[in-house]
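Written below as structure tokens is the structure these notes are about.
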């Protein structure tokens, strides 16, 4: 279970990334040239139980991406969107290679919930990336027009190999 950032001792170099309230896409683009997104999956799924209970629906979309700077994978991203959010906000249903943040951070009514931060011990398995050393991640619930979605991001060691 992620802990509140205030309860963890965050690595100095990672803290500005973990606690950034704005668009991670924009922060990455400003940090280093060569930003690109690799879409791993964008599919309809049975939502995890906790999300199904929160959103009062069992069906939604899971999207998994890797954000790169040049050839270096820097962030693994995973988002969950309930079916009613996808019906109300149709551009989110088929983003393809477009970053989710590119759309949501342009919306005037975007509300971001608390940023939850976690440290993952070495051995975390990530799709297309395999086993990771110790890594840090964060998650936030967002609301657009009162429709929620969840974004989770894992910051990879490659972020600082630039």
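Residue numbers (the working numbering): 100 to 261. From the three backbone atoms N, C-alpha and C, an ideal C-beta is built for every residue, glycine too.
To test your reading of the DSSP string, which unbroken alpha helix (DSSP H) runs of 4 or more residues are found completely within the region 170-199? Qualifying alpha helix (DSSP H) stretches, in chain order: 182-187.
Could you check the C-alpha separation between residue 184 and residue 137 for me, to the nearest Å? Annotation: residue 184 to residue 137 spans about 23 Å, alpha carbon to alpha carbon.
Which of helix, strand or coil DSSP assigns to residue 203: Correct three-state label for residue 203: helix.
Contact belief for residue 259 with residue 248 at Cβ below 8 Å, rounded distance in angstroms: The Cβ separation is near 28 Å, so there is no contact.
For the alpha helix (DSSP H) containing residue 118, list its first residue and its last residue. For residue 118, no alpha helix (DSSP H) encloses it, and the DSSP letter there is neither H nor E.
Of the choices 213, 231, 212, whose alpha-carbon is the least far from that of residue 220? Residue 231 is the option with its Cα nearest to residue 220.
Assuming residue 242 is part of the beta strand (DSSP E), what are its boundary residues? Segment 234-243, the beta strand (DSSP E) holding residue 242.
Going by C-alpha distance, which of 251, 237, 246, 252 is nearest residue 107? Among 251, 237, 246, 252, the Cα nearest to that of residue 107 belongs to 237.
Residue 124: first and last residue of the uninterrupted alpha helix (DSSP H) it sits in: For residue 124, the enclosing alpha helix (DSSP H) has its first and last residue at 123-130.
Which same chain residues, not among the five before or five after residue 172, have their C-beta less than 7 Å away from its C-beta? 165, 228, 255, 257, listed in sequence order.
Mark residue 174 as exposed unless 16 or more other C-beta atoms lie within 10 angstroms of its C-beta, in which case mark it buried. Flag for residue 174 reads buried.
For residue 115, count the other beta carbons within 10 Å of its own beta carbon; 16 or more makes it buried, fewer makes it exposed. Which is it? Flag for residue 115 reads exposed.
Assign residue 140 to one of two classes, buried (16 or more other C-beta atoms within 10 Å of its C-beta) or exposed (fewer than that). With fewer than 16 other CB atoms across the displayed protein chains lying within 10 angstroms of its CB, residue 140 is exposed.
Report the partner residues of residue 250 according to the DSSP bridge assignment. According to DSSP, residue 250 bridges with 178, 239.
Quick one: any contact between the region 115-125 and the region 198-209, if contact means 3 or more CB pairs under 8 Å? Counting Cβ pairs under 8 Å, three or more are found: they touch.
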